[in-house]
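K.L.:
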Amino acid sequence: MAETLRRVLNSGGAAGPGEENTAEAEPPLLLLGGHGSGKTALLFAAALEAAGEGRGPVLFLTRRPLQSLPRRIGAALEPLRLQIRFQYPPSTRELLRLLCSAHETRGPAPSLLLLDGLEEYLTEDPGSQETAYLAALLLDTAAHFSHRVGSGRGCGLIVALQTQEEGDSATAPQLALLQRYFPAQCWLQPDAPGPGQHCLRACLEPGGLGARAEWRVTFRQDGEMTVTPWPTQAGDTSLHKGSSSGGQP
Amino acid sequence: MRCFISFMFLQESLLEPSVPDEHLLSLKFVFGSSAVQALDLVDRQSVTLISSPSGRRVYQVLGSSGRTYVCLASCHYCSCPAFAFSVLRKGDSLLCKHLLAVYLSQVMRTCQQLSVSDKQLTDVLLMEKTQEAS
Numbered sequence: 056m057a058e059t060l061r062r063v064l065n066s067g068g069a070a071g072p073g074e075e076n077t078a079e080a081e082p083p084l085l086l087l088g089g090h091g092s093g094k095t096a097l098l099f100a101a102a103l104e105a106a107g108e109g110r111g112p113v114l115f116l117t118r119r120p121l122q123s124l125p126r127r128i129g130a131a132l133e134p135l136r137l138q139i140r141f142q143y144p145p146s147t148r149e150l151l152r153l154l155c156s157a158h159e160t161r162g163p164a165p166s167l168l169l170l171d172g173l174e175e176y177l178t179e180d181p182g183s184q185e186t187a188y189l190a191a192l193l194l195d196t197a198a199h200f201s202h203r204v205g206s207g208r209g210c211g212l213i214v215a216l217q218t219q220e221e222g223d224s225a226t227a228p229q230l231a232l233l234q235r236y237f238p239a240q241c242w243l244q245p246d247a248p249g250p251g252q253h254c255l256r257a258c259l260e261p262g263g264l265g266a267r268a269e270w271r272v273t274f275r276q277d278g279e280m281t282v283t284p285w286p287t288q289a290g291d292t293s294l295h296k297g298s299s300s301g302g303q304p
Numbered sequence: 124m125r126c127f128i129s130f131m132f133l134q135e136s137l138l139e140p141s142v143p144d145e146h147l148l149s150l151k152f153v154f155g156s157s158a159v160q161a162l163d164l165v166d167r168q169s170v171t172l173i174s175s176p177s178g179r180r181v182y183q184v185l186g187s188s189g190r191t192y193v194c195l196a197s198c199h200y201c202s203c204p205a206f207a208f209s210v211l212r213k214g215d216s217l218l219c220k221h222l223l224a225v226y227l228s229q230v231m232r233t234c235q236q237l238s239v240s241d242k243q244l245t246d247v248l249l250m251e252k253t254q255e256a257s
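Chains as they are written, first to last, in my numbering: chain P, 56 to 304; chain E, 124 to 257.
1) Taking any Cβ of chain E, which residues in the region 136 to 157 of chain P have a Cβ under 9 Å from it, in chain order?
2) Do you know whose CA, among E:Ser188, E:Val165, E:Pro176 and E:Ala196, lies nearest E:Pro204's CA?
3) Would you say P:Pro163 and P:Arg152 are within 9 Å of each other, going by their C-beta atoms?
4) Would you say E:Leu217 reaches chain P, if we count a Cβ-Cβ gap shorter than 9 Å as a contact?
5) So what does DSSP say about E:Lys252, is it helix, strand or coil?
6) Please list the partners that E:Ala207 has in chain P, where partner means a Cβ-to-Cβ separation under 8 Å.
7) Do you know how far the Cα of E:Lys220 is from the Cα of E:Leu147?
8) So E:Val200 contacts chain P; which residues on that side make the cut at Cβ distance below 7 Å?
9) Identify the residues that DSSP records as bridge partners of P:Arg256: which are they?
10) What residue from E:Leu222, E:Val193 and E:Ser169 has the CA that sits closest to E:Ala158's CA?
11) Can we say the region 158 to 167 of chain E touches the region 174 to 191 of chain P, given the rule of at least three CB pairs closer than 8 Å?
12) Quick check on P:Pro284: does DSSP put it in helix, strand or coil?
13) Out of P:Cys155, P:Arg136 and P:Phe237, which one is the CA nearest neighbour of P:Leu84?
14) Do E:Val193 and E:Ser202 have their C-beta atoms within less than 9 Å of each other?
15) Report yes if the C-beta distance between P:Glu81 and P:Ala187 is below 9 Å; otherwise report no.
16) On a Cα-Cα basis, can you pick out the residue from E:Ser216, E:Asp166 and E:Gln168 that is closest to E:Phe154?
17) Can you check whether the C-beta of E:Val225 is within less than 9 Å of a C-beta belonging to chain P?
18) Listing by chain order, which chain E residues have their CB less than 7 Å from the CB of P:Leu194?
19) Can you give me the start and stop residues for the alpha helix (DSSP H) that E:Cys198 sits inside?
20) What separation, rounded to the nearest whole angstrom, lies between the Cα atoms of E:Leu249 and E:Arg179?
21) What is the DSSP secondary structure of P:Leu177, reduced to helix, strand or coil?
22) May I ask you to list the residues that DSSP assigns as paired with P:Asp171?
23) If contacts are defined as beta-carbon pairs under 8 Å, then P:Leu255 and P:Ser156 qualify, I think. What distance do you get, rounded to the angstrom?
24) Would you give the residue range spanned by the beta strand (DSSP E) that E:Val181 belongs to?
25) Tell me, please, which residues DSSP counts as bridged to E:Thr191.
26) Thinking E:Ser177 and E:Asp241 are a contact (beta carbons under 8 Å), I'd like their distance in whole angstroms, please.
27) So what does DSSP say about E:Leu244, is it helix, strand or coil?
28) Taking Cβ positions only, does P:Glu159 come closer than 9 Å to chain E?
29) For a cutoff of 9 Å on Cβ pairs, would you count P:Tyr176 as touching chain E?
30) Please classify P:Gln229: is it buried, with 16 or more other beta-carbons within 10 angstroms of its beta-carbon, or exposed?
31) Could you confirm whether any beta carbon from chain E is found closer than 9 Å to the beta carbon of P:His199?
32) Measuring alpha carbon to alpha carbon, tell me which of P:Glu159, P:Leu103, P:Arg119 and P:Glu260 ends up nearest P:Glu133.
33) Less than 6 Å between C-beta atoms, sequence neighbours within five positions excluded: which residues of the same chain meet that for P:Phe274?
Structure, rendered in structure tokens:
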């Protein structure tokens with residue numbers, strides 16, 4: 056789902072139809088960042104983007120209901136929100152059961168599968184096999200939805216994982232393992248905040264299928280999110296709407 | 124009588140009755156001792172493709188110990204301990220013999236097929252979790 060995320064970030068955070076739909080399935084993407092780094096907001100933006108494409112509902116999995124739906128700039132989004140189906144598996148076992156039984160439900164297959172807070176399902180000190188099993192089942196579920204969607208991009212998969220600020224030796228091998236199943240990654244890092252703002256640097260590594268790109272994501276106090284391409288000149292803090300998003304060579 | 128196959132030459136040799144020894148050597152070079160064990164599993168019809176009316180599929184492989192292991196059809200995962208150890212943890216193998224057997228079966232298009240209900244497929248996918256725990 057690197058391309059979907061790229062479209063969200065390139066369009067400045069606004070949902071809605073934009074560029075040409077790519078014809079091929081996109082690789083699963085891992086969204087990484089510390090606590091409060093905007094992963095949930097970005098996931099929700101991707102959900103709205105996919106809902107706007109009208110290819111099918113969006114399945115949003117998270118352990119606890121979102122306290123408040125992240126605010127978005129753009130037109131009335133109520134019809135799009137209705138296309139987003141939330142489910143709240145309370146435990147790892149319930150999440151596994153949900154994924155293993157995903158083929159039992161009929162109706163239109165989701166065009167996008169999102170999981171927020173993967174770390175909450177990996178807290179029971181899982182070994183490699185359990186972590187791999189969960190990652191592999193996420194991929195398998197998305198693959199099944201893709202099969203049901205039929206031609207075109209199928210069902211995308213974005214999973215958000217909270218990372219520790221310091222390098223935690225216990226989570227590093229787990230992350231390496233997850234990266235084997237998720238070839239594309241987007242890292243969110245805190246940036247120097249402006250007055251009344253929370254700024255982040257989003258770095259997209261599409262796993263070999265596109266250019267690496269970076270954006271600045273800003274959250275205002277009222278929750279509104281704006282996205283601009285990261286300035287490519289060192290030390291240049293002005294915002295260039297039309298600057299290239301190619302990132303480093 | 125064994126049938127041999129090589130990934131590198133699969134277009135030409137796929138339907139040949141026998142494949143030259145150098146292809147077998149290539150297979151063993153790339154995949155190590157798993158190659159011979161995997162071919163054995165294929166020969167013994169140990170690989171089963173399980174599908175349900177939903178279209179979802181999963182592989183089940185009868186291991187040499189008599190235990191069955193589950194291999195996902197869409198991505199690289201096997202429930203056997205060797206996968207967890209050699210592939211995931213140590214990273215010195217690309218796959219276990221069960222996954223190699225699955226891929227060989229796909230290439231050779233010989234595989235036991237089993238149709239089950241949607242609920243039974245859920246159980247197959249879930250059952251491996253309890254297999255690990257035991």
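Idealized CB from N, CA, C, for every residue including glycine. Owing to the predicted nature of the structure, the values given are computational and were not obtained by experimental measurement.
P.N.:
Once the coordinates are examined:
1) Residues of the region 136 to 157 of chain P with a C-beta atom less than 9 Å from some C-beta of chain E are Arg148, Leu151, Arg152, Leu154, Cys155, Ser156 and Ala157, listed in chain order.
2) The residue you call residue 204 of chain E lines up with position 81 of the second sequence. The shortest Cα separation from E:Pro204 among E:Ser188, E:Val165, E:Pro176 and E:Ala196 belongs to E:Ser188.
3) As a first step, residue 163 of chain P must be located in the first sequence, where it is residue number 108. As a first step, residue 152 of chain P must be located in the first sequence, where it is residue number 97. No, the Cβ-Cβ distance between P:Pro163 and P:Arg152 is not below 9 Å.
4) Position 94 of the second sequence, counted from the start, is the residue given in the question as residue 217 of chain E. Any Cβ of chain P closer than 9 Å to the Cβ of E:Leu217 would place that residue at the interface, and such an atom is absent.
5) Counting from one through the second sequence, the residue named residue 252 of chain E turns up at place 129. Note that E:Lys252 scores 45 on pLDDT, short of 50, meaning its location in the model is unreliable and no value can be drawn from it.
6) The residue you call residue 207 of chain E lines up with position 84 of the second sequence. Per Cβ cutoff of 8 Å: Gly182, Ser183, Gln184 and Ala187.
7) To locate residue 147 of chain E, count along the second sequence from 1; it is residue 24. To locate residue 220 of chain E, count along the second sequence from 1; it is residue 97. Rounded to whole angstroms, the separation of the alpha carbons of E:Lys220 and E:Leu147 is 15 Å.
8) Your numbering for residue 200 of chain E matches position 77 in the second sequence. Residue identity check: residue 200 of chain E is Tyr in the sequence provided, not Val. Per Cβ cutoff of 7 Å: Ala187, Tyr188 and Ala191.
9) For the purposes of this step, residue 256 of chain P is identified with residue 201 of the first sequence, where counting begins at 1. DSSP output for P:Arg256 lists P:Gln244 and P:Arg271 as bridge partner(s).
10) In the second sequence, counting from the first residue as 1, residue 158 of chain E sits at position 35. Among E:Leu222, E:Val193 and E:Ser169, the Cα nearest to that of E:Ala158 belongs to E:Leu222.
11) Flag = no, the region 158 to 167 of chain E and the region 174 to 191 of chain P do not touch.
12) The residue labelled residue 284 of chain P in the question sits at position 229 within the first sequence. P:Pro284: strand per DSSP, three-state reduction.
13) For the purposes of this step, residue 84 of chain P is taken as the residue at position 29 of the first sequence. Out of P:Cys155, P:Arg136 and P:Phe237, the CA that lies nearest to the CA of P:Leu84 is found in P:Phe237.
14) What you label residue 193 of chain E is simply residue 70 of the second sequence in a count that begins at 1. What you label residue 202 of chain E is simply residue 79 of the second sequence in a count that begins at 1. Yes; because the gap between Cβ atoms is below 9 Å, this pair is in contact.
15) To locate residue 81 of chain P, count along the first sequence from 1; it is residue 26. To locate residue 187 of chain P, count along the first sequence from 1; it is residue 132. Not in contact: P:Glu81 and P:Ala187 (Cβ atoms no closer than 9 Å).
16) By one-based count along the second sequence, residue 154 of chain E stands at place 31. The candidate whose alpha carbon is nearest that of E:Phe154 is E:Ser216.
17) Here the question's residue 225 of chain E lines up with position 102 in the second sequence. No, because no Cβ of chain P sits closer than 9 Å to the Cβ of E:Val225.
18) Numbered from its first residue, the first sequence carries residue 194 of chain P at position 139. When 7 Å is used as the limit between beta carbons, P:Leu194 is near these residues of chain E: Ser197 and Cys198, in chain order.
19) By one-based count along the second sequence, residue 198 of chain E stands at place 75. Careful: E:Cys198 lies outside any alpha helix (DSSP H) and carries neither H nor E.
20) For this step, residue 249 of chain E is matched to residue 126 along the second sequence. For this step, residue 179 of chain E is matched to residue 56 along the second sequence. One C-alpha to the other measures close to 14 Å.
21) Translated into the one-based positions of the first sequence, residue 177 of chain P becomes position 122. P:Leu177 falls in the coil class under three-state DSSP.
22) Residue 171 of chain P sits at position 116 when you count from the first residue of the first sequence. P:Asp171 pairs with P:Thr117.
23) In the first sequence, counting from the first residue as 1, residue 255 of chain P sits at position 200. In the first sequence, counting from the first residue as 1, residue 156 of chain P sits at position 101. Between P:Leu255 and P:Ser156 a beta carbon distance of about 36 Å is seen, past the 8 Å cut, so the two are scored as non-contacting.
24) As a first step, residue 181 of chain E must be located in the second sequence, where it is residue number 58. According to the DSSP assignment, E:Val181 belongs to the beta strand (DSSP E) that extends over Arg180 to Leu185.
25) Position 68 of the second sequence holds residue 191 of chain E. Looking at the DSSP output, E:Thr191 bridges to E:Leu185.
26) Working through the second sequence from its first residue, we reach residue 177 of chain E at position 54. Working through the second sequence from its first residue, we reach residue 241 of chain E at position 118. About 5 Å separates the two Cβ atoms, so the contact holds.
27) Mapped onto the second sequence, residue 244 of chain E falls at position 121. For E:Leu244, the three-state secondary structure derived from DSSP is helix.
28) As a working mapping, residue 159 of chain P is identified with position 104 in the first sequence. At least one chain E Cβ lies under 9 Å of P:Glu159.
29) By one-based count along the first sequence, residue 176 of chain P stands at place 121. Residue contact with chain E for P:Tyr176: absent (no Cβ-Cβ distance below 9 Å to any residue of chain E).
30) As a first step, residue 229 of chain P must be located in the first sequence, where it is residue number 174. Looking at its Cβ environment, which holds 16 or more other Cβ atoms inside 10 Å, P:Gln229 is buried.
31) For the purposes of this step, residue 199 of chain P is identified with residue 144 of the first sequence, where counting begins at 1. At a cut-off of 9 Å between beta carbons, P:His199 contacts chain E.
32) By 1-based counting over the first sequence, the position of residue 133 of chain P is 78. Considering only P:Glu159, P:Leu103, P:Arg119 and P:Glu260, the residue with the shortest C-alpha distance to P:Glu133 is P:Leu103.
33) Indexing the first sequence from 1 puts residue 274 of chain P at position 219. Same-chain partners within the cutoff: His253 and Met280.
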